[in-house]
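Numbering (our numbering), first residue to last: -5 to 129. C-beta: ideal position from N, C-alpha, C; glycine also. Taking it in order: structure first as structure tokens, then the write-up.
In structure tokens, the structure reads:
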């Protein structure tokens, strides 16, 4: 008997929204990627956290090389609170943090050059204490 895929449950809008951002860095470029991310993108995320746009910003690396699916080498978890403010914009933050816009743009381009892959996974919390079984 074939079982069709079921749509994931919708998350209540009054709850924080968590998204995981996965990166696969080309072999031999992990440290360079981390340096560029830490210097150019992480401060933007932290500025958004300070402004209340994110409840938290966390970063991860696998414990072991080839751990699990082995298709990611760096991950970011962003948690957006309900009714989060929509300002300041990325442009406003970048303008304030990076007066040398040309250098920032070059380094951001390089950060993406050393990537083999990148994908986002927006998550919906599943409360198994309140979920009704289908069978």
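Below 8 Å, too few C-beta pairs join the region 74 to 84 and the region 92 to 102 to call them touching: fewer than three. Rounded to the nearest whole angstrom, the CA to CA distance from residue 16 to residue 56 is 11 Å. Between the region 78 to 96 and the region 41 to 51 there are three or more C-beta pairs closer than 8 Å, enough to call the two in contact.
Runs of beta strand (DSSP E) with 3 or more residues, each lying fully within the region 49 to 101, are found at 50 to 54 and 68 to 74, listed in chain order. Linking residue 19 to residue 129 through their CA atoms gives a straight-line distance of about 43 Å. Around the beta carbon of residue 124, fewer than 16 other beta carbons lie within 10 angstroms, which makes this residue exposed.
Residue 24 is a Cβ neighbour of residue 67, given a cutoff of 9 Å. Taking C-beta separations shorter than 6 Å and ignoring five residues to either side along the sequence, the partners of residue 38 in its chain run 87, following chain order. For residue 123, the three-state secondary structure derived from DSSP is coil.
The beta carbon of residue 116 sits closer than 6 Å to those of 13, all from its chain and outside the five residues before and after it, given in chain order.
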